[in-house]
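Numbering (my numbering), first residue to last: 1158 to 1573. From the three backbone atoms N, C-alpha and C, an ideal C-beta is built for every residue, glycine too. Presented below is the structure to which this report refers.
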Ligand code: ZN
Ligand code: ZN
């Protein structure tokens, strides 16, 4: 089939197509909308292509906020200690104001997965916390899907080097771009049609889980024996959503997951991560966590233990789950066999759970519920939302109905 067979195009054409698909399919940008974009300086070529396509789609104003790895490191080297409790609140407030005024949001990801690996974990933790707090009003509009938003990736030299350490810099970068183009369904004859088909498939899979209405999911695999309750009136989502502003968007490119809101007080047992987690420039590997009554009572990591500890100490909600997602092991990202060290890709290669903030859009009528009503349904509340991968070719998942009947959902990592 033409849609699934890789089509050869020069790099510049693929880059342009990625930008076009991000604007049209991912973001669903409408004429008359403003756009707020974030990108690193290494992603300028993609940011420029996106800017052009956004204006051609009728964007009124595209504003891009650039970050730079060297500048970030300079702060850790030279800034006074009190710097790490600060964040540019005025900037995040401005983003929230733009979203309330109708702007769409696009993030280009592609940071160095280990940028802050050698920095003081305490400073990293404090800086992350300060940003989470300042960003919260804007992030809330995103997690509620009040606006159309999406995340796409650009290859960057540091990311490519982390993924392909044995390759020369240019070869590594080319390999990473190829992986991005194929997993993001850009290297096919008609990417827009391929995305529409894929979106339909994810919607159908979510609909099937919504018919089942399981109360609990039971996970069994190497190092994992875990039972997770789903929130009352939970709703499985996958693929695109119609945002509160009426615009249809697909929030992650790539996306292979269907996901919902677990109950914050119902998680029991041990879970072991199946992939390393790159979190804000630090690596956490070999995560093993023990849950009791929804709360982490013990957390270990073979690398980055201190970062993990800081993360779950952010607030009480950081020790509880806000998302559960199912991804078959045969997803194109998993079958490529690469670990991307980037959550956008790795979370779409394996079933995962996320510590922290829940998506209220994953509850029936969730956008109409107050904070108290959301909590009563079991939706978690936190400054953080961190996905980590627990799926593998050896993971079995059962669904347990309200009447206690157990049904196979996944066997050896695949849908039953
Ligand atoms: Zn997810
Ligand atoms: Zn997530």
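Measuring CB to CB, does residue i end up less than 8 Å from residue j?
| i | j | result |
| --- | --- | --- |
| residue 1523 | residue 1541 | no |
| residue 1179 | residue 1263 | yes |
| residue 1307 | residue 1408 | yes |
| residue 1439 | residue 1273 | yes |
| residue 1456 | residue 1443 | no |
| residue 1344 | residue 1163 | yes |
| residue 1570 | residue 1556 | no |
| residue 1558 | residue 1371 | yes |
| residue 1302 | residue 1398 | yes |
| residue 1401 | residue 1412 | no |
| residue 1325 | residue 1317 | no |
| residue 1243 | residue 1295 | no |
| residue 1405 | residue 1185 | yes |
| residue 1255 | residue 1193 | yes |
| residue 1190 | residue 1253 | no |
Please report how far the alpha carbon of residue i lies from the alpha carbon of residue j, in whole angstroms.
| i | j | result |
| --- | --- | --- |
| residue 1494 | residue 1355 | 20 Å |
| residue 1249 | residue 1315 | 27 Å |
| residue 1389 | residue 1275 | 42 Å |
| residue 1468 | residue 1187 | 37 Å |
| residue 1543 | residue 1511 | 5 Å |
| residue 1201 | residue 1517 | 33 Å |
| residue 1311 | residue 1203 | 7 Å |
| residue 1379 | residue 1221 | 44 Å |
| residue 1387 | residue 1305 | 26 Å |
| residue 1258 | residue 1218 | 12 Å |
| residue 1331 | residue 1172 | 12 Å |
| residue 1446 | residue 1481 | 15 Å |
| residue 1293 | residue 1165 | 42 Å |
| residue 1431 | residue 1365 | 26 Å |
| residue 1415 | residue 1532 | 22 Å |
| residue 1160 | residue 1369 | Summary for residue 1160: the model assigns pLDDT 46, below 50, so the residue's position carries little reliability; its value from the coordinates is reported in the next sentence. Approximately 31 Å, taken between the alpha carbons. |
| residue 1588 | residue 1554 | Lying before the first or after the last residue shown, residue 1588 is absent from the chain, which here runs from 1158 to 1573. |
| residue 1282 | residue 1336 | 31 Å |
| residue 1240 | residue 1285 | 12 Å |
| residue 1158 | residue 1550 | Model confidence at residue 1158 stands at a pLDDT of 39, short of 50, so the residue's coordinates are unreliable; what they give is reported in the following sentence. Cα to Cα, residue 1158 sits roughly 27 Å from residue 1550. |
| residue 1353 | residue 1497 | 25 Å |
| residue 1247 | residue 1564 | 50 Å |
| residue 1373 | residue 1327 | 47 Å |
| residue 1575 | residue 1437 | Absent from the model: residue 1575. The displayed extent of the chain is 1158 to 1573, so no value can be given. |
For residue i, count neighbouring C-beta atoms within 10 Å of its own C-beta (all shown protein chains included) and say buried if the count is 16 or more, exposed if not.
| i | result |
| --- | --- |
| residue 1238 | exposed |
| residue 1169 | exposed |
| residue 1417 | buried |
| residue 1198 | exposed |
| residue 1560 | exposed |
| residue 1421 | buried |
| residue 1361 | exposed |
| residue 1492 | exposed |
| residue 1464 | buried |
| residue 1183 | buried |
| residue 1235 | exposed |
| residue 1529 | exposed |
| residue 1476 | buried |
| residue 1224 | exposed |
| residue 1562 | exposed |
| residue 1568 | exposed |
| residue 1435 | buried |
| residue 1351 | buried |
| residue 1424 | buried |
Say yes only if the C-beta of residue i is nearer than 7 Å to one or more non-hydrogen atoms of ligand 2, and no if none qualify.
| i | result |
| --- | --- |
| residue 1538 | no |
| residue 1242 | no |
| residue 1542 | yes |
Compute every distance between the C-beta of residue i and the non-hydrogen atoms of ligand 1, then say whether any falls below 7 Å.
| i | result |
| --- | --- |
| residue 1472 | no |
| residue 1480 | yes |
| residue 1414 | yes |
| residue 1323 | no |
| residue 1509 | yes |
| residue 1504 | yes |
Nearest to residue i by CA position, among the options, is which residue?
| i | options | result |
| --- | --- | --- |
| residue 1521 | 1196, 1510, 1535, 1270 | 1535 |
| residue 1452 | 1235, 1384, 1489 | 1384 |
| residue 1226 | 1269, 1257, 1287 | 1269 |
| residue 1392 | 1411, 1333, 1410, 1419 | 1419 |
| residue 1341 | 1223, 1503, 1539 | 1503 |
| residue 1473 | 1449, 1433, 1538 | 1538 |
| residue 1487 | 1505, 1167, 1287, 1319 | 1505 |
| residue 1309 | 1322, 1195, 1433, 1289 | 1195 |
| residue 1427 | 1454, 1405, 1410, 1403 | 1454 |
| residue 1508 | 1563, 1490, 1525 | 1490 |
| residue 1363 | 1460, 1564, 1209, 1394 | 1394 |
| residue 1280 | 1232, 1246, 1484 | 1232 |
Below 7 Å, is the gap between the Cβ of residue i and the nearest heavy atom of ligand 4?
| i | result |
| --- | --- |
| residue 1227 | Only ligand 1 and ligand 2 can be found as ligands here, which leaves ligand 4 out of the picture. |
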